[in-house]
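Visitor: In the working numbering, the protein residues as written are 59 to 689.
1) Where DSSP assigns a beta bridge to residue 485, which residues make up the other side?
2) Return the first residue and the last residue of the beta strand (DSSP E) that residue 86 is part of.
3) Would you call residue 283 buried or exposed, if buried means 16 or more other Cβ atoms sit within 10 Å of its Cβ?
4) Within its chain, find whatever has a CB closer than 7 angstroms to the CB of residue 289; leave out the 5 residues flanking it on each side and keep chain order.
5) Within 10 angstroms of the Cβ of residue 257, are there 16 or more other Cβ atoms? Answer buried if so, exposed if not.
6) What separation, rounded to the nearest whole angstrom, lies between the Cα atoms of residue 391 and residue 635?
7) Would you list the one or two residues that DSSP bridges to residue 397?
8) In the DSSP assignment, find the unbroken beta strand (DSSP E) run with residue 691 in it and report its ends.
9) Which residues in the same chain have their Cβ closer than 8 angstroms to the Cβ of residue 242, if we skip the five residues on either side of it in sequence?
10) Return the CA-CA distance between residue 223 and residue 578, expressed in angstroms with no decimal places.
11) Could you please give the first and the last residue of the uninterrupted alpha helix (DSSP H) stretch that includes residue 161?
12) Mind checking which residues open and close the beta strand (DSSP E) that includes residue 149?
13) To the nearest angstrom, report how far apart residue 89 and residue 575 are at their CA atoms.
14) Following the continuous beta strand (DSSP E) through residue 70, name the residue where it begins and the one where it ends.
15) Going residue by residue through the region 538-602, where are the continuous beta strand (DSSP E) segments of at least 3 residues, counting only ones entirely within it?
16) Quick test of the definition: if touching needs 3 or more C-beta pairs under 8 angstroms, does the region 181-195 touch the region 132-147?
17) Just the C-alpha distance for residue 562 and residue 529, rounded to the nearest angstrom, thanks.
18) Quick one: residues in its chain with C-beta nearer than 6 angstroms to the C-beta of residue 299, no 5 flanking neighbours on either side, listed in chain order?
19) For residue 667, which residues of its own chain have a beta-carbon under 6 angstroms away from its beta-carbon, when the five flanking residues on both sides are left out?
20) With a CB to CB cut of under 7 angstroms and the five nearest residues on each side skipped, what residues in its chain are close to residue 389?
21) Which one or two residues does DSSP pair with residue 257 in a beta bridge?
22) Identify the continuous alpha helix (DSSP H) that holds residue 463 and give its terminal residues.
23) Does the beta-carbon distance from residue 692 to residue 583 come in below 8 angstroms?
24) Thinking just about the alpha-carbon of each residue, which of 61, 154, 75 is nearest to the one in residue 110?
25) With distances taken from CA atoms, which of 304, 104, 80, 108 is nearest residue 168?
26) When DSSP labels each residue in this structure, what does residue 290 get in the three-state scheme?
27) Three-state secondary structure (DSSP) at residue 226?
28) Helix, strand or coil for residue 373 per DSSP?
29) Which whole-angstrom value is the C-beta distance of residue 65 and residue 120, which I expect to be below 8 angstroms?
30) Can you find at least 3 beta carbon pairs, one from the region 430-442 and one from the region 481-488, that sit closer than 8 angstroms?
31) Per DSSP, residue 194 forms a beta bridge with which residues?
32) Is there contact here, the region 190-202 with the region 148-156, by at least three beta-carbon pairs under 8 angstroms?
33) Counting along the chain, where does the beta strand (DSSP E) carrying residue 501 start and finish?
34) For a test of the three-state rule: what should DSSP assign to residue 532, helix, strand or coil?
35) Can you tell me whether residue 249 is helix, strand or coil according to DSSP?
36) Can you look up residue 313 in the DSSP assignment and give me helix, strand or coil?
This is how it looks when you write it as structure tokens:
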């Protein structure tokens, strides 16, 4: 049994200019009554219905259901009561238009945690009871107005609600269809259900046993209680199955999936948006790893192989038992050394020239065997020449231009301190000693005969990859065994640290770009989800009315967003891998694809969806059913 009793209930809306929608209404409705609330627009009849159906709480007064006050009931308690007691029929029908009719009919059972098979059975039975068995699998939007209203009645019937509230159920129907709907409601009343109907049509109200008339928020007329003969438990009412205001987790996900499938266009656009963001993230991570691999390969090929040992003493030191050439030869015997050669600087005071032309400040160097290889010199050799021998010289490309040296094959010569030397090559590139591009290079033997010892001796060493640090520690003992600290060892920065720094900078830059893209996706998806919630306000209002609590709405929206994120992640994973492969093929790189990117992609998509859905979910949870369902 469910008797309804209002006692001096008022309802006030507004802020600066409050509106009193109900003014001290007192009313009792017995179980099994069929009551019509009649009145013009603005009379307060719909507000009264919202009070009876627990869609709004009164400003003052008291409301009892079966003697239990619901006036100050919590949101959870009111939702549980709506789930257990009420079925709803509205002027605008409020079906799930893009889904089969049966989905709308079983919605009340969905929020009672009834298993899917039982929900479907009861929904089909309810549709059969209202003559819509053949329409169960049609999309709700394809039904006529009368069929849609009968489907709404079936929704109330399926859950076994003892109280049916109908807000202008015939407002959008013709007279014949209206009569059919009133007949259905009368049949429900005869089964022992309480039916409360709001209408502005006097003829519709007259068809009910009891009429209430509202005007300016006041109940001005009540035709009185109709005689109702009921047993303690009316035979036509079955106990509602399931639990009050409860949703099974698996059903929540299935419902979210069906809701998304019902809007393929909008869902597809959101999935693509997430897919692009996830794809960019995967492509960024994949390309950064691949690029880092290429950087590693380059450093592995060229890392730390050059060592320079500079002896700032005299070119010939009585305390050093060997000259630069012999020292270079000994350095070449160290483990890990590929090439070694000495370069002796004889200063800037030597004049060199060709014919009447000369360079008064020409810099002269002496080179030993192996110096050309160790210095990584690139030389344009004269015909039939490929080494520097006695009586020969190499000119740097700038020195050759200054001296106006002609073709080497014509026997070009250069005079150094009055001694002519055959020019057998021009140094075009000197990556380790750029000074050689403007210098004259002689053999060590020729330089010793022409000049007094002067300047520094640089021992140039090339090692195998990874051996440079060890060679750098041993070389000073070879150059100056008695005073190794007198020499200076020049070693390039540790390539592993340099490589790590480059890789880190590259990865950081790409990850920042990815973070921006993901953030843009979150913002875009959140905005789209909010717009979707606004568009579906009536649907969420209906769900709240028939028993959904705020948390159910929040979880439903977030579930949809996470499914969008999951689908987008799978698409993004494919796009990202395709982008990595395309880039590596174009650059002829070896692709690096970490299998950990798969869970990263899925997690990214789900997180993007979940975070994006929070704002829209909270907005959906704030929807008031009475406002959202207002026609």
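Ideal Cβ placement from N, Cα and C applies to all residues, glycine included.
Guide: Here's the rundown:
1) 437, 454
2) 77-87
3) exposed
4) Below a pLDDT of 50, predicted positions are generally treated as unreliable, and residue 289, at 49, falls in that range; the measurement from the model is reported next regardless. Cβ within range, chain order: n/a, list empty.
5) buried
6) 49 angstroms
7) 520
8) A question about residue 691 goes unanswered here, because the residues of the chain that appear run from 59 up to 689.
9) 188, 208, 211
10) 45 angstroms
11) 159-163
12) From DSSP, residue 149 is part of no beta strand (DSSP E); its letter is neither H nor E.
13) 60 angstroms
14) 62-71
15) 545-548
16) no
17) 29 angstroms
18) 172
19) 619, 620, 622, 623
20) 395, 398, 517, 519, 533, 536
21) 96
22) Looking at the DSSP string, residue 463 is not in any alpha helix (DSSP H), and its letter there is neither H nor E.
23) Here the chain covers residues 59 to 689 and nothing more, so residue 692 does not appear.
24) 61
25) 304
26) Confidence in residue 290 is poor, its pLDDT being 49 and thus under 50, which makes the residue's placement unreliable; the coordinate value appears in the next sentence. The answer is coil: DSSP assigns residue 290 none of H, G, I, E or B.
27) coil
28) Because the pLDDT at residue 373 is just 48, under 50, the model does not fix this residue reliably, and the value given afterwards should be weighed accordingly. Three-state DSSP puts residue 373 in coil, outside helix and strand.
29) 4 angstroms
30) yes
31) Residue 194 is not bridged to any residue.
32) yes
33) 497-501
34) helix
35) coil
36) helix
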